[in-house]
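Dropping the structure here:
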């Protein structure tokens, strides 16, 4: 399983490194492949991530009897925190780019905002890499579903990062996010943590995935390709339902 998860981590890292060279994704109209990936990611969230949150909530509640009054909501609060954090970062980034355009004419974020934004995504990628080896379901089937959905999630998410950071993506961002993901995988090999902590990590990642699906992967009306999006939903729904 270590070799297979390493292959997945290298695939994720390759997407981060090569997204700037995928010219077919960067036209004026949103690529159909991005719309297809959005459909797959949305399906994964609704048919796999959300149901699994219930299981993680039970684990987290069981490990925190002193917080029994929060037992029914713990992991959902963590997921909500992840969603709010990434939403706040996105709004802050847009405001920073707007200030820079007005002040200098450059469509890039301010230096401090850039590093905080990329640092947040580095942590996000680290945790996704860690979960490659430390998910609740260790079957090959579950790993395959996770790998396909996260690959397409990264494809569309990196498209958004590339759009935000332009040349800085090629110079710095891709190395940081790819390196943090591989570091997360290595940490997963070397360090084992207890189930309640895994549940917290999973909840945080779930919130981030849900927000990034909404923000990046649901195509905007003026650029959307509904056919590929619907195809992604239909195909991955069948795959997940057959797998479970």
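In my numbering, the protein residues as written are 7 to 250. All residues carry an ideal CB built from backbone N, CA and C; glycine is no exception. Quantities reported herein were computed from a predicted structural model and do not represent experimental measurements.
Nearest neighbour of residue i, chosen from the options [CA to CA]
i	options	result
residue 214	16, 96, 168 and 154	96
residue 206	56, 80, 24 and 23	80
residue 143	94, 208, 118 and 105	208
residue 130	185, 116, 28 and 117	185
residue 119	141, 170, 40 and 183	170
residue 126	140, 103 and 98	98
residue 133	145, 94 and 204	204
residue 245	121, 18 and 54	54
residue 22	94, 178 and 60	178
residue 60	83, 39, 46 and 123	83
residue 160	187, 146 and 140	187
residue 39	163, 202 and 121	163
residue 156	10, 7, 9 and 15	15
residue 85	168, 106, 210 and 219	210
residue 192	138, 145 and 167	138
residue 190	8, 117 and 135	135
residue 217	62, 64 and 92	92
residue 212	62, 9 and 43	62
residue 251	17, 46 and 8	Any property of residue 251 remains undetermined from this structure, which presents the chain solely from 7 to 250.
residue 121	194, 174 and 56	174
residue 165	8, 17 and 26	26
Residue burial classification, residue i (beta-carbon count within 10 angstroms, cutoff 16)
i	result
residue 58	buried
residue 24	exposed
residue 233	exposed
residue 103	buried
residue 242	buried
residue 228	Confidence at residue 228 is low in this model, with a pLDDT of 48, below 50, so the placement of that residue should be treated as unreliable; the coordinate-derived value is given next. Residue 228 comes out exposed.
residue 197	exposed
residue 94	exposed
residue 247	exposed
residue 123	buried
residue 11	buried
residue 231	buried
residue 20	exposed
residue 100	exposed
residue 41	buried
residue 128	buried
residue 105	exposed
residue 90	exposed
residue 13	exposed
residue 107	exposed
residue 146	exposed
Minimum Cβ-Cβ distance from residue i to chain C less than 8 angstroms
i	result
residue 58	The chain labelled as chain C is not found in the depicted structure, where only one protein chain is given.
Check: residue i C-beta below 7 angstroms from any heavy atom of the ligand NAD
i	result
residue 39	You won't find the ligand NAD in this model; it holds no ligand whatsoever.
Spell out a yes or no on whether the stretch 232-240 and the stretch 92-111 are touching, meaning 3 or more CB-CB pairs, one atom from each, closer than 8 angstroms. They do not touch, by the three-pair rule.
Quick test of the definition: if touching needs 3 or more C-beta pairs under 8 angstroms, does the stretch 143-159 touch the stretch 46-56? yes
Which ranges would you report for the alpha helix (DSSP H) in the stretch 145-233 if only whole runs of at least 4 residues count? 146-171, 180-196 and 201-218
Runs of alpha helix (DSSP H) lying entirely within the stretch 79-116, each at least 4 residues, in chain order: 80-110
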